[in-house]
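For reference, the structure is listed below as structure tokens.
Protein chains: 2
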Amino acid sequence: MRIIVGTFIVCFVALSAKAETGHELWLRHRGANPVKVVCSGESATLSLALHELRQGWQGEAGASVALEIRPDKSIKGDGYKLAASGVQANTELGILYGVYELLRRQQTLRPIQDEISNPSYERRVLNHWDNPDGSVERGYAGHSIFWRSGTDSLAVTEKDRALWQEYGRANASIGINGTVLNNVNASPETLSGESLIRVKAIADALRPYGVKTYLSVKFSSPSLLGGLKTSDPLDAQVVQWWKAKVKEIYSLIPDFGGFLVKANSEGQPGPQDYGRTHAQGANMMADALKPFGGIVMWRAFVYSSEDKDRARQAYSEFMPLDGQFRDNVIIQVKNGPIDFQPREPFSPLFGAMKKTSVMPELQITQEYLGHSIQLVYLAPMWEETLQSDTYQKGPGSTVARSTDGTLFPQKYSAIAGVANIGLDANWCGHHFAQANWYAFGRLAWNSGLTSDTIADEWIRLTFSPNQKETLNALKSGDWTKNFLTPVKEMMLRSREAAVNYMMPLGLHHIFAGTHHYGPGPWYAPKGMRPDWTPPYYHQADALGIGFDRTRAGSNAVDQYREPLASQFNDPATCPEIYLLWFHHLPWTYRMKSGRTLWDELCYRYESGVLQVRQFQKIWDRAEPYVDAQRFAEVQSKLRRHYRDAQIWKDACLLYFQQFNRLPIPYDIERPVNDLEDLMKIDLKWSHHN
Amino acid sequence: MRIIVGTFIVCFVALSAKAETGHELWLRHRGANPVKVVCSGESATLSLALHELRQGWQGEAGASVALEIRPDKSIKGDGYKLAASGVQANTELGILYGVYELLRRQQTLRPIQDEISNPSYERRVLNHWDNPDGSVERGYAGHSIFWRSGTDSLAVTEKDRALWQEYGRANASIGINGTVLNNVNASPETLSGESLIRVKAIADALRPYGVKTYLSVKFSSPSLLGGLKTSDPLDAQVVQWWKAKVKEIYSLIPDFGGFLVKANSEGQPGPQDYGRTHAQGANMMADALKPFGGIVMWRAFVYSSEDKDRARQAYSEFMPLDGQFRDNVIIQVKNGPIDFQPREPFSPLFGAMKKTSVMPELQITQEYLGHSIQLVYLAPMWEETLQSDTYQKGPGSTVARSTDGTLFPQKYSAIAGVANIGLDANWCGHHFAQANWYAFGRLAWNSGLTSDTIADEWIRLTFSPNQKETLNALKSGDWTKNFLTPVKEMMLRSREAAVNYMMPLGLHHIFAGTHHYGPGPWYAPKGMRPDWTPPYYHQADALGIGFDRTRAGSNAVDQYREPLASQFNDPATCPEIYLLWFHHLPWTYRMKSGRTLWDELCYRYESGVLQVRQFQKIWDRAEPYVDAQRFAEVQSKLRRHYRDAQIWKDACLLYFQQFNRLPIPYDIERPVNDLEDLMKIDLKWSHHN
């Protein structure tokens, strides 16, 4: 034992020299050259811009930089004009954004040319699913940075303020300009006077960074918090209650952003409880917010246990209301029709609601994509959604263009991302999960960026050697070849790998239990509503597998505009990535590869596992280029990632094999677990975090 | 849930049609053709021979077979002469053995030629480490078939008798003619009058099969059971007590075999407690047994915590006693100098004790080779030991020839195997563990048989299709090509695979805790005697690894006869399979492969894991040729086998890497577990069975 302990100590001392916790995110301090800054104004935000320049300037020592607020019609909103000589913008925030971009260019060794950068979406908003007690729904990175339980839960400490400022800075650096501080499954207490004082403190800390504060509200707050007999949106007292509450909020937070509402969804109260429509409910709130410039983000995530196909329901419920919403209501639509699955086709509401503002809701936290255990870079998934063509105004009517105001008139445009942020030292639980926060911000600013570009930027910012080593290491090409290139490759392949080992070919929602981590294609406790159980989604039987959403089935295909509807309707033309989403097909169905559907499924699962094995190799080879702490933490996560990918493969193949009784092709690696055992570890999954 | 349950049922019905439990071992009933048998005598044993012939005859229908007891000097002991026309022998048992061989030839489609078969060892003995309460030390196949706890523990039921007969038949079919019924860590109660009545019942059941009964005895039985003040072997009362006890035993069991004694070993009492030598202790018992033809098997498995090298101790303690033992004492020596490790060089006592009978002790139960979880065919290990050249009487002085009476005069020759038998339906826990019982018997009968031959026989007997299918299946070559050949290949490689993923290159005894299943190179609880902890054996430090047993170290090498001593002493000539057994070498030591020692270790561990992965493929491909039950049970074991091989690799590489700080070569698969976690699962291992 002596020997071992001794060794550990030696080890630790030697390796920890360069350790990084990851807390600095993509904003790692690397020293700076002196710089002269000329600024055309003075304000808290501009001070931040100056400060960032001075502590981060990597350009020529003694160079001059001008920060100039000067109206320019080619610059939109908080956009900016970048030049080697400095930054020009219409707003202070534009200046700050420009400064971050300028420093980013320096740090990533990219040239600074004269160019204008305007945001794709006006409101780029994080949604925190943080509860008043500090827990975070679907949070895998520790407790809330905003809320906590205990006797001092509402006290604002210096530590709180410092953390909120760091959070504000991180968001500003990637263009995020709004944050919803609490869970969409909202507590009415959020709107209490005491709570609002804490909200004000947060808003004050974030304001210089241009991050506006929003709140999720519970639709029944007038009754629950206000003591009214009803929360009927057409009731005069209710209307009055909301108006007064909004006024109270704005008196504390003059730039308050607005409300996010989850209504008549998964047990949450809503206008339908009083016989009113979503439009009536949303408009009532919108009217209260309008005088102050606030907006309502009203979620379309609705489904009931009666409908035969959950995928159809948001469309069915919201399309009839198109045109009935106020102009400061935006319908917040999840990227896919079900629920943040590893892969879904885009929601048919995008582009379909032509007289209503619609905003995409993406999920940064990896609820269905491996929590903070698996390395899954989400930008490729979001790129896939945003660039999907809805055909709603002819070819090229991408989801991005259908929601950013290009194709349809929207008073406000917005995009939301469900945050993956907590009190963990590295903010996101997994060092590579930071890339998803980063990518959301970058895509929200510029929906045309590629996953590759964003990954490249993020890796350079997050892992490149510090200033002293930069020139040698980066210029020699050694770092690029041995670290950047393979690690980027790993990131870019990681989401497809997850799809492969979790649910390839259009399979979806075959998770165990309620934790949405491990596999549970068998999960169906007695009495549970069918649409909360995997067999509802995979429909596996002796003959085949998949959910029939064709015209012969639930006809979800017809919620899409032609030519998509017909394309999806026919298995011969349906993209294979969506095959089992739209079709129930025989196990022997012949795939484009020439394999049967069952064999193809087996190979996909296998390839997912092998990809993760490859990721382990890539990361281990990268060891010389990473500080010891982050190297070891990621290495450990990848080990678990591999084991869990293996479990996914084994569980799904062995489970489905029970139905089809076909052999797993003999040239792939055999399952290494018994189905019986895997079916018993549900509980383990739910306690893994 | 409904769907799933339904599927299970369908599955079970369809697959169980051909299910076999494995209880029939290598003696599966396959129907028979009529046969005429002429027999030269009448007895219980000869009746069995007739019965076997009639129920198992696969030759020409209506053929005649003669069984003839007729003295022939070329036939030794219970040997036999085989011919197409029948069996000739000196003894009834010889006839029975001949009949089993004749039937075996028919079932395995091998020709029957005129030939004589004589046993290599006169006494071919199983050692059961069964406790009076029915538990089995190092038993992984259920409780004892001889003993049980509870109020009816000594009652002999019909079920008991039937099981003992099945056991006797199985042993007779492979030539085993003795069995020690109880643990070498013996309870004095074994010799009580009540217990002896049960022993008599067992002996009666086994007698017709030619299986003699032996008992392990506790050296201090005179005091503990007899109430004497001492158990000093030179004390007259003690001598008298043993004489009386032996007489009592023989009055019940006239053909009783004798005693097995573990004395002054691991806390067991022995003659040294009274200042006497092993010889004095053993001789006292031998004198009591001599009038009845009984023998003493006295174990040389001794070591103390004081010695610097456990591997040297049996030799150091027993060599000075050479020539002092009675001729009915046989020193029972484990195959290697330490303790049934996956690989050890042979014990230097073999061939060295020239004036004392010595018998090898092999371990059939897989204490250190994966229990009944891992598929490890042990014949290659035993073949390796038995064919090792001791050089004690010049080249060719193999361990086999040094112990079977060929090289040295021995009044008795014997070989022991620690049994792997319990109440499990398939007797051995793992279907393939039956092959080890089988191989022990076959090697004890004919130490010149190859592992390949034995595996071939066993597979044909254990898995070949039943009579109706035999001709077509076997003659078509399909079964041979797709089942026999790959499965045999798997068996023949399995022990080397285990060495690779557990302890390659001469590493030994790096098991966790006391269960001897999982890895524990770190295992060293505070206060535990060093020679019970792995660091004592692997000696890993920053510079290197291995136990220095050279002349510069413990000098265990000089216990071997030249040229071995010098060969082992020099790393350049020491076989690499024993390298770290005899040498402490730098991590960078250059191996014959050109790799460094560390890299070579990594590749060995990796190759072990990959071999098990290959075994899984072999077995899965064999599915069409095996009944559903045995297929599924072996498949499940192989899955766990794979997972545990992976754990071995990860644990050992990550643990040793702490010392040397060298990378694991990047072209091998990465560890998928964290060392920290693996170090916590000791307890899991000990409860795995």
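In order, the protein sequence lines correspond to chains A and B.
Numbering follows the numbering used here, in which position 298 of the first sequence is assigned residue number 298; successive positions increment by one, without gaps.
Numbering follows the numbering used here, in which position 380 of the second sequence is assigned residue number 1380; successive positions increment by one, without gaps.
Backbone N, C-alpha and C fix where the C-beta goes; we use that ideal spot for every residue, glycine too.
Asked, Found
"Quick one: give me the first and last residue of the alpha helix (DSSP H) that W26 of chain A is part of.", "Segment: none, W26 of chain A is in no alpha helix (DSSP H) and carries neither H nor E."
"Below 7 angstroms between beta carbons is the criterion; list the residues of the stretch 1664-1682 of chain B that meet it against any residue of chain A, in chain order.", "Y1666, E1669, R1670, P1671, V1672, N1673 and D1674"
"Determine the contact status of H1583 of chain B and F1547 of chain B, defining contact as a CB-CB distance below 9 angstroms.", "yes"
"Just tell me which of B:I1681, B:Q1332 and B:A1032 has its CA closest to the CA of I1647 of chain B.", "B:I1681"
"Give a yes or no on whether the minimum CB-CB distance between L638 of chain A and chain B is below 9 angstroms.", "yes"
"Chain A partners of D1620 of chain B, CB-CB under 7 angstroms?", "Y666 and R670"
"Which same chain residues, not among the five before or five after A1435 of chain B, have their C-beta less than 6 angstroms away from its C-beta?", "Y1377 and W1458"
"List the residues of chain B that K617 of chain A touches, going by C-beta distances under 7 angstroms, in chain order.", "Y1666 and R1670"
"I'd like to know if Y1605 of chain B contacts chain A, where contact means its C-beta is closer than 9 angstroms to some C-beta of that chain.", "no"
"Does DSSP put N436 of chain A in a helix, in a strand, or in coil?", "helix"
"Could you confirm whether any beta carbon from chain B is found closer than 9 angstroms to the beta carbon of Q646 of chain A?", "yes"
"Nearest-angstrom Cα distance between V1418 of chain B and A1186 of chain B?", "14 angstroms"
"Pull up the distance between the alpha-carbon of P1525 of chain B and that of N1264 of chain B, whole angstroms please.", "24 angstroms"
"Reducing DSSP to helix, strand and coil, say where C1602 of chain B ends up.", "helix"
"Taking 8 angstroms as the cut-off, does the stretch 1145-1159 of chain B touch the stretch 1100-1111 of chain B (at least 3 CB pairs, one atom from each stretch)?", "no"
"On the criterion of 16 or more Cβ atoms from any shown chain inside 10 Å, does M359 of chain A qualify as buried, or is it exposed?", "buried"
"How many Å lie between Q363 of chain A and G405 of chain A at the Cα?", "22 angstroms"
"By Cβ distance, which residues of its chain are closer than 6 angstroms to W147 of chain A, with the 5 residues on each side in sequence left out?", "D130, P132 and G134"
"Tell me, please, whether the CB atom of Y517 of chain A is closer than 9 angstroms to any CB atom in chain B?", "no"
"To the nearest angstrom, how far is it from the Cα of E137 of chain A to the Cα of V125 of chain A?", "18 angstroms"
"If distances are taken between C-alpha atoms only, which option among A:I295, A:A645, A:Q272 and A:R326 comes closest to S216 of chain A?", "A:I295"
"For N1660 of chain B, which of B:G1175, B:D1541 and B:A1205 has the nearest alpha-carbon?", "B:D1541"
"Just mark K1308 of chain B as buried or exposed, buried being the case when its beta carbon has 16 or more other beta carbons within 10 Å.", "exposed"
"Return helix, strand or coil for C1428 of chain B, following the three-state DSSP convention.", "coil"
"On the DSSP letters alone, give me the boundaries of the beta strand (DSSP E) that Q1113 of chain B sits inside.", "That residue, Q1113 of chain B, is in no beta strand (DSSP E); it is neither H nor E in DSSP."
"For a contact meaning CB atoms closer than 7 angstroms, what does Y1642 of chain B contact in chain A?", "V672"
"With three or more C-beta pairs closer than 8 angstroms as the rule, is the stretch 1603-1617 of chain B touching the stretch 1557-1573 of chain B?", "no"
"Taking 9 angstroms as the threshold (C-beta atoms), are L461 of chain A and L27 of chain A in contact?", "yes"
"Would I1338 of chain B pass as a contact of R1299 of chain B if the rule is Cβ separation under 9 angstroms?", "no"
"How about the stretch 1491-1509 of chain B and the stretch 1629-1637 of chain B: do they share at least three Cβ pairs that are nearer than 8 angstroms?", "no"
"What does R1613 of chain B touch in chain A if you count any residue whose Cβ is under 7 angstroms from its own?", "E669"
"By alpha-carbon positions, which one of B:G1513, B:W1382 and B:N1420 ends up nearest to I1454 of chain B?", "B:W1382"
"Which of the three DSSP states is assigned to M1297 of chain B in this structure?", "strand"
"Consult DSSP for L1015 of chain B and reduce its assignment to one of helix, strand or coil.", "In this prediction, L1015 of chain B scores a pLDDT of 33, lower than 50, which makes its location untrustworthy; the coordinate-derived value is nonetheless stated afterwards. The answer is helix: DSSP assigns L1015 of chain B an H, G or I state."
"Can you check whether the C-beta of E52 of chain A is within less than 9 angstroms of a C-beta belonging to chain B?", "no"
"Contact between the stretch 338-355 of chain A and the stretch 382-395 of chain A: three or more CB pairs below 8 angstroms?", "yes"
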